[in-house]
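Notes for the one structure printed next.
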Amino acid sequence: MSVPVQASEAADYAIEVEDLAIRYHGKLALSRVTLQVPSHEIFGIIGPANSGKTSFLRAINRMDLMTAGMEVSGSVRVEGRDVRSWRNPYALRQRIGVVFPLPVGLPLSIYDNVALSSRLRGTRKKADLDVIVERCLRRAALWDEVKDRLDSLGSLLSGGQQQRLTIARALSQDPSILLLDEFSIAVDPVTTMRIEEVLSELKSEMTIVLVTNLVQQARRLASQTAFFLTGELVEVTETEAMFEGGAQDPRTTAYVEGKFG
Amino acid sequence: MPDVAHAADRRDAAWWIDRAVQILVLAGGLSAIVFIAGIFVFITREGAGFVFDRFDFREFFGSPRWTPTSSHNPTYGALALIAGTASVTGLAMLVSVPFSLGAAIYIGEFATGRVRETLKVLVELLAAIPSVVWGFIGLSIMNPLIIQVFDVPVGLNVLNAGVILGLMAAPIMTTIAEDALKAVPDTYREAAEAMGATRWQVTFKVVLPAARNGLVAATLLGVGRGFGETMAVLMASGHSINLPTSPFDSVRALTATIAAELGETAAGSDHYGALFTLGIFLFLVTFAINFAADVFVRGGQRKHRRRGRRPAASANP
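Protein chains in written order, with the numbering used here: chain A, 1 to 261; chain B, 1001 to 1317.
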């Protein structure tokens, strides 16, 4: 599918955010965020609860449209184009995969969970869907565990399996951007490691924004990391530098060293 | 240590109140069973004489001739009455299912804020309209309307009663269906919308399948309502014994028959017993419908409970 993309000088950035502010019912939740997410990298976002991380993700795929009272100002550009200029926000969301903190296995069969996105876009042929379902489940490291029971309910899988199902579902959208919001909250450590390996492989194909409450996870995966604190962006720094004492702001150093948060 | 022993055995006010409340609510719960059993025993006892002495299975379910007042050859064929009730209820469902499902989807999935609250109140208000008022509407508005629009001699018929009954059942079905939609977790909607699904796709592909059991239960309760409704059907159906072949035929319903005839029969007579037999039949059908609805609702709850299990439980191997 081709989406008209305006030529942008900074074509290397998948997401460009300028002076973003988000309000809920007039109350400021996030303000003065300006950052660029380079293409084909994992971009980490860390920060304690209520720092605006999730709101930031919601602004990228225009969830504000369906959230009562949520207002977004400033600009968010995806692939060079302001997200609010997409006249069909559904097409925007199809290009952006989202993984939520708690796994959401839809109450459909495992197969239908992964086939849903393709079906919504009009793919009907069983053979095509079979290929997509197997490929996405394999890439999410779930295929071997569920290949014999694709007909059973996705919502009955264990937490870790459901989260991988959610990732498989996001991959089935064939997204250019993948947003992960604290994906490992309900996942055991072994599964978390497996998913992290998957993410490292995926970044060659898509841009990944990884919001995480585990600073070490950001350290393991992200090339750059942003630190959000109480609704503001404190800084964006090369991840290694941030963890080696090279943070620009003392609060960042304190946070990554576990002194608060 | 005597003090500790004392505290271990002393039943204080809180203990006694707790015990008393337990007994009170137990009595409340049991009373429902007692009343249902009592009603069943009563109608069975009143109908028993007829069922054992006079009841003919083939006549009752196979013959449309209901002539209990005939002096030389009374017959008790309930087929026409059953067909009357079934045809009216069937048409009512054709009317009410799309209406109530549409209303529930609009209120539950599309409407927001004040519109939604207003609609909910209105629907509940609609559910509170007494059935005799609906019957009156059938008599005085639908009747001339049907005569005029369809050019038929009588406007009190299956169509009239079915539409009236459908409109009557729709509000309660809407309320229950909307509850079923509300029970679908918002996380499902968000997940689907984040994939680029439109609101309608979310509703159709995710929410409706998830709420399926509750929606079936809502429909079944509507059927039960239609089956048992008396006054509106009595007033709007024409109340004449017929095996209906078109929506413009007048029919008579089981419930309406009991209501209209019971006052004129001698207690203990065959006619009296036959009416109670109709009652037993109605009771069993309504019981079966409610039981089926309950099974569906339970099926839905079980699914929700499994779904509601905290996934984090498996996070600590």
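For every residue, glycine included, the Cβ atom is placed at its ideal position computed from N, Cα and C.
Residue i versus residue j: straight-line alpha-carbon distance, rounded
i, j, result
"residue 1049 of chain B", "residue 1274 of chain B", "9 Å"
"residue 159 of chain A", "residue 101 of chain A", "11 Å"
"residue 1143 of chain B", "residue 1113 of chain B", "39 Å"
"residue 251 of chain A", "residue 1197 of chain B", "40 Å"
"residue 1210 of chain B", "residue 1181 of chain B", "8 Å"
"residue 1120 of chain B", "residue 1219 of chain B", "18 Å"
"residue 242 of chain A", "residue 248 of chain A", "8 Å"
"residue 1287 of chain B", "residue 1224 of chain B", "9 Å"
"residue 1305 of chain B", "residue 1192 of chain B", "Because residue 1305 of chain B carries a pLDDT of 46, less than 50, the predicted location of this residue cannot be relied on, and no value is offered for it."
"residue 49 of chain A", "residue 1029 of chain B", "46 Å"
"residue 244 of chain A", "residue 170 of chain A", "33 Å"
"residue 220 of chain A", "residue 128 of chain A", "36 Å"
"residue 117 of chain A", "residue 86 of chain A", "19 Å"
"residue 134 of chain A", "residue 143 of chain A", "7 Å"
"residue 1319 of chain B", "residue 69 of chain A", "Since the displayed chain B opens at 1001 and closes at 1317, residue 1319 of chain B lies outside it and no answer follows."
"residue 1276 of chain B", "residue 1077 of chain B", "14 Å"
"residue 1317 of chain B", "residue 145 of chain A", "Per-residue confidence for residue 1317 of chain B stands at a pLDDT of 31, beneath the threshold of 50, marking its modelled position as unreliable; no derived number is given."
"residue 1006 of chain B", "residue 1012 of chain B", "11 Å"
"residue 1214 of chain B", "residue 1177 of chain B", "6 Å"
"residue 46 of chain A", "residue 122 of chain A", "37 Å"
"residue 1136 of chain B", "residue 1032 of chain B", "33 Å"
"residue 66 of chain A", "residue 1187 of chain B", "13 Å"
"residue 258 of chain A", "residue 233 of chain A", "18 Å"
"residue 1061 of chain B", "residue 1253 of chain B", "14 Å"
"residue 1139 of chain B", "residue 1232 of chain B", "9 Å"
"residue 202 of chain A", "residue 1208 of chain B", "34 Å"
"residue 1154 of chain B", "residue 1058 of chain B", "32 Å"
"residue 1107 of chain B", "residue 1184 of chain B", "14 Å"
"residue 1045 of chain B", "residue 1152 of chain B", "44 Å"
Per-residue contacts from residue i into chain A (C-beta, under 8 Å)
i, result
"residue 1187 of chain B", "100, 102 and 104"
Contact list for residue i against chain B, beta-carbon separation under 8 Å
i, result
"residue 61 of chain A", "1194"
"residue 250 of chain A", "What residue 250 of chain A touches in chain B: nothing, since even the nearest Cβ is about 33 Å away."
"residue 173 of chain A", "1195 and 1196"
"residue 90 of chain A", "1196, 1197 and 1198"
"residue 35 of chain A", "None at all; the shortest Cβ gap to chain B is about 21 Å."
Cβ distance (whole Å) where residue i is taken to contact residue j below 8 Å
i, j, result
"residue 195 of chain A", "residue 164 of chain A", "7 Å"
"residue 1195 of chain B", "residue 173 of chain A", "6 Å"
"residue 1169 of chain B", "residue 1222 of chain B", "4 Å"
"residue 960 of chain B", "residue 1123 of chain B", "In the structure displayed, chain B extends from 1001 to 1317; residue 960 of chain B sits before or after that span and is not available."
"residue 1297 of chain B", "residue 1217 of chain B", "5 Å"
"residue 99 of chain A", "residue 180 of chain A", "5 Å"
"residue 1027 of chain B", "residue 1242 of chain B", "Wrong, their Cβ atoms sit about 47 Å apart, outside the cutoff."
"residue 223 of chain A", "residue 239 of chain A", "6 Å"
"residue 1227 of chain B", "residue 1043 of chain B", "Not a contact, Cβ separation roughly 16 Å."
"residue 198 of chain A", "residue 140 of chain A", "6 Å"
"residue 14 of chain A", "residue 132 of chain A", "Their Cβ separation, rounded to whole angstroms, is 23 Å, which puts residue 14 of chain A and residue 132 of chain A out of contact at 8 Å."
Neighbouring residues, chain B, relative to residue i (Cβ below 9 Å)
i, result
"residue 93 of chain A", "1193, 1194, 1195, 1196 and 1197"
"residue 120 of chain A", "1192, 1195, 1196, 1197, 1198, 1201 and 1205"
"residue 51 of chain A", "Neighbours of residue 51 of chain A on chain B: none; closest Cβ ~21 Å, over 9 Å."
Chain-ordered neighbours of residue i on chain A, where CB pairs are closer than 7 Å
i, result
"residue 1112 of chain B", "68"
"residue 1206 of chain B", "106"
"residue 980 of chain B", "Beyond the ends of chain B as shown, which are 1001 and 1317, falls residue 980 of chain B; an answer cannot be given."
Contacts of residue i in chain B (Cβ-Cβ under 7 Å)
i, result
"residue 129 of chain A", "Those within 7 Å of residue 129 of chain A in chain B number zero; the least Cβ separation is about 14 Å."
"residue 199 of chain A", "Going along chain B, no residue has its Cβ under 7 Å from residue 199 of chain A, so there is no contact; the nearest lies around 18 Å."
Interface flag, residue i vs chain C, CB-CB below 9 Å
i, result
"residue 116 of chain A", "Here the protein chains are A and B, and chain C is not one of them."
Handout entry: Cβ contact check for the stretch 207-214 of chain A and the stretch 52-60 of chain A: 3 or more pairs under 8 Å
Key = yes
Handout entry: Whole alpha helix (DSSP H) elements within the stretch 1224-1295 of chain B, 4-residue minimum
Key = 1231-1236 and 1254-1261
Practice task
Tell me the start and end of each unbroken beta strand (DSSP E) in the stretch 209-256 of chain A that is at least 3 residues and wholly inside, in chain order.
Solution key: 224-229 and 232-238
Practice task
Assess, as a yes-or-no matter, whether the stretch 1160-1178 of chain B is touched by the stretch 1132-1148 of chain B under the definition of 3 or more beta carbon pairs within less than 8 Å.
Solution key: yes
Exercise for the section: Mind the definition here: the stretch 1196-1205 of chain B touches the stretch 1124-1131 of chain B only if three or more C-beta pairs lie below 8 Å; say whether that holds. Expected result: no
Practice task
Mind the definition here: the stretch 143-156 of chain A touches the stretch 106-116 of chain A only if three or more C-beta pairs lie below 8 Å; say whether that holds.
Solution key: yes
Exercise for the section: Determine contact between the stretch 1100-1114 of chain B and the stretch 1230-1245 of chain B, defined as no fewer than three beta-carbon pairs at a distance below 8 Å. Expected result: no
Practice task
Output the residue ranges of the alpha helix (DSSP H) runs that lie fully inside the stretch 1079-1161 of chain B and measure 4 residues or longer, sorted by chain position.
Solution key: 1079-1105, 1113-1127, 1131-1137 and 1143-1150
Practice task
Count the CB pairs spanning the stretch 14-33 of chain A and the stretch 74-86 of chain A that are closer than 8 Å, and state whether there are at least three.
Solution key: yes
Handout entry: Uninterrupted alpha helix (DSSP H) stretches inside the stretch 178-214 of chain A (no shorter than 4 residues)
Key = 189-202
Problem - Whole runs of the beta strand (DSSP E) within the stretch 33-113 of chain A, excluding any shorter than 3 residues - result: 42-46, 70-78 and 96-99
Exercise for the section: Give a yes or no on contact between the stretch 40-49 of chain A and the stretch 83-97 of chain A, applying the rule of three or more CB pairs nearer than 8 Å. Expected result: no
Problem - Runs of beta strand (DSSP E) lying entirely within the stretch 114-181 of chain A, each at least 3 residues, in chain order - result: 177-181
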